[in-house]
Structure formats: structure tokens, C-alpha cells
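Trainee: Residue numbers (our numbering): 1312 to 1681.
Yeah, the Cβ is synthetic: ideal placement off N, Cα and C, and Gly gets one too.
Treat the numbers as computed from the prediction; the structure is a model and nothing was measured.
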């Protein structure tokens, strides 16, 4: 079947957004940490810069992936780094353990807040949801990205409408403040760097691209598509600048002031959906990497059962065992270090060596895995 314009142009951006959004972005905590210190207008500049960086890296990644026929991150990095590909894999595995453990804890908290469940039940629901979507492969995962994206954009859109009606005067007044914008460029670069690994995680959805033109358009759209929810949320948060910077959960802080219980519940459900799609994207990337090796060795794809079991093992290690044995704390302490390693072994090589090889081959890179 031929690919639709949605699959070629929008799906990669929706998938990238799915991996990036996670728990900190959806609750507003990351946005407060990275963007509000530069003030309302400085925060907008930082977000714009981060979106541009995401688009540039996505374009380079998508072009290099097409040229090297890389549909999973192992193949991609064997072409990009040669024998050094294992460095990315180690860093990514540690990164996955950390973010999945955090997602599991967040899902437990949402289940407790909405339904009064023990936290473990919410965590298990998220684990089961991720494993089920991953088990049925690319088509299932892509449908999740599509429909959760529509739901997520809709919730953020309603959030902005309600916020403008409730405290729009505060928003306009704070944007008019002569607040310092110091550090906005560094904030934008840092935030983009921490999250850009999503561009290589979503390689499985690039199978729909039919040309380099598709790759360029899809990559260019990925930055804005991933940043739009953050922009809408940031506009709402500006109403309570600067006091909102001290809030652990900026979303709850704003929702309490809206005093709309039904929308509050919908927003919590949206955060759970964001955790589901983000976790699914990360685990699906690992499953695709396993399947590539399995196919090369046995000449067939993984079965639904095998994909489910592989996802389940990873989720148990990340969400349950990691926290129990203190691995989350150990990895979290090195989070920034992990982020810098991922930048060093991915972003820098793809924007230098990768772009050079694309230029040399004019889009037809011919590399043999080393």
C-alpha cells in the first residue's frame, strides 16, 4: 500500500512528540525548569530555538536513515559510529531504565489521584498498555501516536481557552513585563539536547517516507509539532509568573485555579496517555532493534508473543526492579552525564560526519556496517 500524506509528513512529528513529551513536559515541570527562568518572552525565544534545533537534527537523522536503510537504532549507529555503536546502546539502555521508572511512578500517582487506587495498580496498567501496543508492531504503535496526539492537542487547546477566560488579563500583563531574558539561548540548546534522542528512537515510523523531500518536510515539521503543546502550556503558566516556578506540579497549580473538576480529570487522563505513548515509543525502539537481529539470524520476524514478552521483561526491570534496588537513583544522578553522552555520540556525529556523507553521496550514502 502507498503511504498517505499523513504517514509521510505528520506521523514522524507525532511520533517524535510522543517520545519527547513524557511526564515532565506534560506536567509543566520541565517547562518551568528550562524556560521560565528567562522570563515570559525569553522563554518563548528559548522554545523557538529548541524547536529549530529539533527540526535540523530530525532532518539530518531522517535523511541519513533513508540513505543507509536504517529502520532501527542499531543499524543507524553501526553506519554512523562503526564499532562505536555500542556506546550509544549502553547509554540508551540506562536512559530507558530511568525514564520508564519515572513514567511508572507517575502513572501510579495518577491512578491514586483519579481513582484512589494503590500506586502499584496505576503502574501495572501503564506497563500492560505499553506491552500490548508494542506487541502488535508498527501499525499498532503508529495508531497510538496518531490518536493520542489528537487527544493531547485538543486538551491543550481547551486548556488555553479556559485559561484565557479565567486569567487572560494576568497572561497579557506578565508578557508585557520588562523581565530579563538572560540565558534563553543556553536554555533552548540544553533542552533540545536533552530530548533530541527521540529523533533516532522513532526510526521505525520512517518506513513511510518515499523520498528525501519527504524526509526534509517531515523533519522540519517535527520540531514545531513537538513544541506546540509546550507553547500552549507555557502561555497558561505565564499567568502566575514567577510564583509558579516554585510549584512541583505546575499543571495541578493551574487546574486548581480553573476550578473545573471534569477538565482536571481529562487533563490527568491526557498525562497518562502521554506517558503511554512516550513509553511505547521508547520500548518499541528496543523491540525493533531485537527484531532486526532476530530476522538476520533466523530469517523471520518476532511473533506477537515474543514482542510482548520482550517488552514485559524490559518494563519489569525498569519500572519495578530498578526502583526497588536503587538503580533509578544511581542513574538519575548521572542523568545529565547520560544526556551529554547521547549528544556526543549522536547529535554531533550526525550533524558533522552524517551530513558530510550525505553531501558526498548527494543523498545516496553507501556504508557497510562495521
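What residues in its chain sit with their C-beta under 7 Å from that of residue 1324, if we drop five residues either side in the sequence?
Mentor: Closer than 7 Å at the Cβ level, and outside the excluded window around residue 1324, lie 1529, 1532, 1533, 1536 and 1537.
Trainee: For residue 1642, which three-state DSSP category applies?
Mentor: Helix.
Trainee: Measure the CB-CB distance between residue 1357 and residue 1345 and report whether it falls below 8 Å.
Mentor: Yes, these two residues count as a Cβ contact at 8 Å.
Trainee: One question on the structure: do residue 1658 and residue 1499 come within less than 8 Å of each other, judged by their Cβ atoms?
Mentor: Taking 8 Å as the Cβ cut-off, residue 1658 and residue 1499 do not qualify as a contacting pair.
Trainee: Answer with buried or exposed for residue 1612, where buried requires no fewer than 16 other C-beta atoms within 10 angstroms of its C-beta.
Mentor: Exposed: under 16 other Cβ atoms inside 10 Å.
Trainee: Enumerate in chain order the residues of its own chain whose CB-to-CB distance from residue 1482 is below 6 Å, with the five nearest sequence positions on each side excluded.
Mentor: Taken in chain order, the residues that qualify are 1549 and 1550.
Trainee: Just how far apart, CA to CA, sit residue 1397 and residue 1478?
Mentor: Using only the alpha carbons, I get a separation of about 51 Å.
Trainee: Going by alpha carbons, who is nearest to residue 1661 out of 1442, 1672, 1581 and 1387?
Mentor: Nearest option by C-alpha distance: 1387.
Trainee: Would you call residue 1595 buried or exposed, if buried means 16 or more other Cβ atoms sit within 10 Å of its Cβ?
Mentor: With 16 or more other Cβ atoms within 10 Å, it is buried.
Trainee: Given that a residue counts as buried once 16 or more other Cβ atoms are within 10 Å of its Cβ, and exposed if not, what is residue 1384?
Mentor: Classification of residue 1384: buried, given that the 10 Å Cβ count is 16 or more.
Trainee: Out of curiosity, what's the CA-to-CA distance linking residue 1372 and residue 1400?
Mentor: Taking the straight line joining both Cα atoms gives about 17 Å.
Trainee: For the segment 1576-1592 against the segment 1444-1459, do three or more pairs of beta-carbon atoms, one drawn from each stretch, fall closer than 8 Å, so that the two count as touching?
Mentor: Yes: at least three Cβ pairs fall under 8 Å.
Trainee: If you draw a straight line from the alpha carbon of residue 1527 to that of residue 1352, how long is it in whole angstroms?
Mentor: About 29 Å.
Trainee: Where does residue 1674 fall in DSSP's three states?
Mentor: Summary for residue 1674: the model assigns pLDDT 46, below 50, so the residue's position carries little reliability, and this model does not support an answer.
Trainee: CA-CA distance, residue 1333 and residue 1485?
Mentor: Looking at the two C-alpha atoms, the distance is approximately 28 Å.
Trainee: Look up residue 1631 in the DSSP assignment and say whether it is helix, strand or coil.
Mentor: If DSSP states are grouped into helix, strand and coil, residue 1631 belongs with the helices.
Trainee: Tell me which residues share the same chain as residue 1566 and place their Cβ nearer than 8 Å to its Cβ, disregarding the 5 neighbours each side in the sequence.
Mentor: Same-chain partners within the cutoff: 1574, 1575 and 1578.
Trainee: What separation, rounded to the nearest whole angstrom, lies between the Cα atoms of residue 1487 and residue 1341?
Mentor: One C-alpha to the other measures close to 23 Å.
Trainee: Tell whether a beta-carbon distance below 8 Å holds between residue 1409 and residue 1628.
Mentor: Contact flag unset, no.
Trainee: Using the rule of at least 16 other Cβ atoms within 10 Å of the residue's Cβ for burial, across every protein chain shown, is residue 1429 buried or exposed?
Mentor: With fewer than 16 other Cβ atoms within 10 Å, it is exposed.
Trainee: Please name the residue, chosen from 1635, 1369, 1647 and 1539, that lies closest to residue 1412 on a Cα-to-Cα basis.
Mentor: Measuring from the Cα of residue 1412, the nearest candidate turns out to be 1635.
Trainee: Does DSSP classify residue 1611 as helix, strand or coil?
Mentor: If DSSP states are grouped into helix, strand and coil, residue 1611 belongs with coil.
Trainee: Quick check: what's the CA-CA separation for residue 1665 versus residue 1442?
Mentor: Going from the Cα of residue 1665 to the Cα of residue 1442 covers about 33 Å.
Trainee: Going by DSSP, what residue range makes up the alpha helix (DSSP H) through residue 1434?
Mentor: Unbroken alpha helix (DSSP H) run through residue 1434: 1430-1446.
Trainee: Return the CA-CA distance between residue 1561 and residue 1462, expressed in angstroms with no decimal places.
Mentor: For residue 1561 and residue 1462, the distance between alpha carbons rounds to 20 Å.
Trainee: Is the distance from the Cβ of residue 1421 to the Cβ of residue 1433 below 8 Å?
Mentor: Cβ distance < 8 Å, so residue 1421 and residue 1433 count as in contact.
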